[in-house]
Amino acid sequence: KERNPIENEFHQTVKEIFESLIPVFAKHPHYIDNGILERIVEPERLITFRVPWVDDQGKVKVNRGFRVQFNSAIGPYKGGLRFHPTVNASIIKFLGFEQIFKNSLTGQPIGGGKGGSDFDPKGKSDAEIMRFAQSFMSELYRHIGPDIDVPAGDIGVGAREIGFLFGQYKKIRGVYEAGILTGKGLGYGGSLARTEATGYGAVYFVEEMLKDKGLSFKGSTVVVSGSGNVSIYAIEKATQLGAKVVTCSDSNGYIYDPNGINLDTLKKLKEIERKRISEYVDVHPEAEYYEGTSGVWSIPCDIALPCATQNEIDETAANVLVSNGVKAIGEGANMPSTLEAIDVFLANDILFGPAKAANAGGVAVSALEMAQNSIRLSWAFEEVDAKLHQIMEGIYRNCMKAADDYGYPGNLVVGANIAGFLKVADAMIDQGII
Ligand code: NDP
Numbered sequence: 027k028e029r030n031p032i033e034n035e036f037h038q039t040v041k042e043i044f045e046s047l048i049p050v051f052a053k054h055p056h057y058i059d060n061g062i063l064e065r066i067v068e069p070e071r072l073i074t075f076r077v078p079w080v081d082d083q084g085k086v087k088v089n090r091g092f093r094v095q096f097n098s099a100i101g102p103y104k105g106g107l108r109f110h111p112t113v114n115a116s117i118i119k120f121l122g123f124e125q126i127f128k129n130s131l132t133g134q135p136i137g138g139g140k141g142g143s144d145f146d147p148k149g150k151s152d153a154e155i156m157r158f159a160q161s162f163m164s165e166l167y168r169h170i171g172p173d174i175d176v177p178a179g180d181i182g183v184g185a186r187e188i189g190f191l192f193g194q195y196k197k198i199r200g201v202y203e204a205g206i207l208t209g210k211g212l213g214y215g216g217s218l219a220r221t222e223a224t225g226y227g228a229v230y231f232v233e234e235m236l237k238d239k240g241l242s243f244k245g246s247t248v249v250v251s252g253s254g255n256v257s258i259y260a261i262e263k264a265t266q267l268g269a270k271v272v273t274c275s276d277s278n279g280y281i282y283d284p285n286g287i288n289l290d291t292l293k294k295l296k297e298i299e300r301k302r303i304s305e306y307v308d309v310h311p312e313a314e315y316y317e318g319t320s321g322v323w324s325i326p327c328d329i330a331l332p333c334a335t336q337n338e339i340d341e342t343a344a345n346v347l348v349s350n351g352v353k354a355i356g357e358g359a360n361m362p363s364t365l366e367a368i369d370v371f372l373a374n375d376i377l378f379g380p381a382k383a384a385n386a387g388g389v390a391v392s393a394l395e396m397a398q399n400s401i402r403l404s405w406a407f408e409e410v411d412a413k414l415h416q417i418m419e420g421i422y423r424n425c426m427k428a429a430d431d432y433g434y435p436g437n438l439v440v441g442a443n444i445a446g447f448l449k450v451a452d453a454m455i456d457q458g459i460i
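Last residue of the sequence shown: 460 (UniProt numbering), numbering continuous.
Okay, structure coming up:
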């Protein structure tokens with residue numbers, strides 16, 4: 027805290043991870059002797075840069091760009107770019123730190139990184155988005171490459187933004203390197219099932235948690251927050267598995283649809299028209315719209331999938347979920363539950379799938395996109411989806427095993443942190459003090 031004052035989100039994730047590693051150090055003190063904690067918590071590199079651009083009125087605007095290259099022990103840095111006004115060094119470092127362990131859990135050879143800007147894409151024209159993305163890449167290009175650092179999307183960065191970023195990289199470098207970004211369009215090196223991967227993966231992970239307890243999505247009521255990339259495809263897969271998903275939200279409010287969220291309407295509103303979620307009720311008058319975001323957790327459900335943003339479930343919301351009989355939580359977003367909320371879930375024996383395990387499907391399929399780019403082939407949707415399913419089952423099993431091995435049976439928070447950590451820490455030790 028002395029070294030990184032006011033980086034609250036970063037402190038929060040470091041505390042969560044380091045505390046769950048205590049049983050590892052008790053068993054294997056050589057990690058302490060090798061200074062792993064001091065080294066792993068310090069990014070290999072944190073780049074910040076100026077992003078000047080011109081709006082549609084001809085006015086010059088300046089945003090701040092970030093890329094944290096946190097850890098390259100097991101592969102090139104890999105992690106998304108977030109365009110959102112709340113982006114700062116703390117947010118990027120918390121996301122980058124989480125990413126190290128998440129990427130390790132996927133079993134793919136990818137290190138941890140993250141980036142973004144405090145640019146707000148909301149209300150901007152396509153031309154403004156393009157000029158901003160071009161200016162952002164005009165600096166970022168010198169720091170990335172297929173074997174160096176491979177960014178992807180995150181909040182505010184979808185297929186449109188990745189396209190503009192890719193085009194600018196190609197223009198500056200004069201080389202067609204498909205593997206410099208993932209989440210690309212299908213026509214120029216993207217992977218089938220990447221759009222769906224994080225949401226589908228989160229549901230596959232929760233399915234495993236439920237299966238172990240003789241439960242399933244079939245016939246269950248599900249509450250989902252957010253209405254972006256992760257939310258839409260979590261809703262799609264949960265619905266395919268026989269659940270009724272009754273909510274979705276944005277940063278202004280939430281929808282409660284007792285008949286189940288209509289996916290066609292949701293996709294049209296958010297993916298094509300880029301409208302606010304409040305307009306859902308114009309098409310479905312039986313649904314209700316409520317201002318404010320936290321009320322979504324007061325809707326009774328069997329399974330909750332927070333898929334919007336960090337710290338969206340606090341202790342109060344967690345207690346409401348528990349008293350309404352929730353059985354399982356699967357974190358689609360990064361760090362959506364506060365430390366106090368996680369304590370509430372664990373104390374009440376609620377099945378809890380932490381983000382770095384439950385939402386690892388997106389980056390796992392990004393790694394599969396990199397593999398396809400390297401061999402210049404594209405796999406079928408079913409093939410990628412089957413690999414994703416297998417990866418999520420594998421992550422679940424590894425987390426459960428690590429939790430068991432270190433004396434916390436069933437605790438996936440501890441299991442995910444330990445399983446993710448061991449591989450990275452061992453690689454760091456093998457590679458010497460660097
Ligand atoms: P999107 O930008 O596609 O969607 C984000 C959604 O969350 C939007 O509907 C947004 O609404 C909503 N939102 C933002 N803030 C709040 C809030 N305070 N309360 C309620 N809703 C809010 O982002 P993604 O779906 O890609 O990302 C969502 C989360 O998943 C993030 O935590 C991200 O880091 C994580 N994640 C994403 C991956 C991916 O592959 N995309 C991979 C792994 C994790 P609005 O339009 O009002 O801003």
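Glycine included, every Cβ here is placed at the ideal spot set by N, Cα and C.
*Can you grab the Cα-Cα spacing for the pair Arg65 / Asp369, in whole Å?*
Those two C-alpha atoms are separated by around 28 Å.
*Kindly indicate which three-state DSSP category Val94 falls into: helix, strand or coil?*
Looking at Val94 - three-state DSSP - the assignment turns out to be strand.
_I need the boundaries of the alpha helix (DSSP H) containing Arg76, first residue and last residue._
Premise fails: Arg76 lies in the beta strand (DSSP E), Arg71 to Val80, not in any alpha helix (DSSP H).
*In three-state terms, what does DSSP make of Pro49?*
In this structure, Pro49 counts as helix in the three-state DSSP scheme.
*Please indicate yes or no: does the CB of Ala330 lie closer than 7 Å to some heavy atom of the ligand NAP?*
This structure lacks the ligand NAP; the ligands present are the ligand NDP.
*Is the beta carbon of Asn360 within less than 7 Å of some heavy atom of the ligand NDP?*
Yes, the ligand NDP has a heavy atom inside 7 Å of this Cβ.
*At 3 residues or longer, and completely inside the stretch 146 to 179: list those beta strand (DSSP E) runs for me, N to C.*
Within the stretch 146 to 179, the complete beta strand (DSSP E) runs of at least 3 residues are 175 to 178.
*Pull up the distance between the alpha-carbon of Val346 and that of Trp323, whole angstroms please.*
Whole-angstrom Cα-Cα distance: 7 Å.
*Measuring CB to CB, does Gly279 end up less than 8 Å from Cys333?*
No. Outside cutoff.
_Threshold first: 4 residues or longer. Then list the alpha helix (DSSP H) segments lying entirely within the stretch 379 to 442, N to C._
Counting only runs of 4 or more, we get 381 to 384, 387 to 401 and 407 to 431.
*So, helix, strand or coil for Val249, using DSSP?*
Strand at Val249.
_With a threshold of 8 Å, are at least 3 pairs of Cβ atoms found where one atom belongs to the stretch 416 to 432 and the other to the stretch 108 to 115?_
Three or more beta-carbon pairs separated by less than 8 Å are not found between the stretch 416 to 432 and the stretch 108 to 115, which leaves the two stretches without contact.
*asked:* Taking the alpha helix (DSSP H) that Glu357 belongs to, which residues open and close that run?
replied: Note, Glu357: premise wrong, no alpha helix (DSSP H); not H, not E.
*Name the DSSP beta bridge partners of Lys87, please?*
Note: Lys87 sits in a beta bridge opposite Trp79.
*For Gly286, the first and last residue of its enclosing beta strand (DSSP E)*: Element bounds for Gly286: n/a, residue is neither H nor E.
*Would you say the beta carbon of Gly252 comes nearer than 7 Å to a heavy atom of the ligand NDP?*
Taking 7 Å as the cut-off, one finds at least one heavy atom of the ligand NDP near enough to the beta carbon of Gly252.
*Mapping DSSP to helix, strand and coil, what is Lys353?*
Collapsing the DSSP output to three states places Lys353 in coil.
*How big is the Cα-Cα spacing for Leu267 and Lys244?*
C-alpha separation (whole angstroms): 6 Å.
*asked:* Less than 8 Å between the C-beta atoms of Lys210 and Ile181, yes or no?
replied: Not a contact, by the Cβ cut-off of 8 Å.
_Inter-residue spacing [alpha-carbon to alpha-carbon] between Ile303 and Lys296_ = One C-alpha to the other measures close to 8 Å.
*Can you tell me the Cα-Cα spacing of residue 461 and Val201, whole angstroms?*
This structure gives no information on residue 461, because the portion of the chain shown stretches from 27 to 460.
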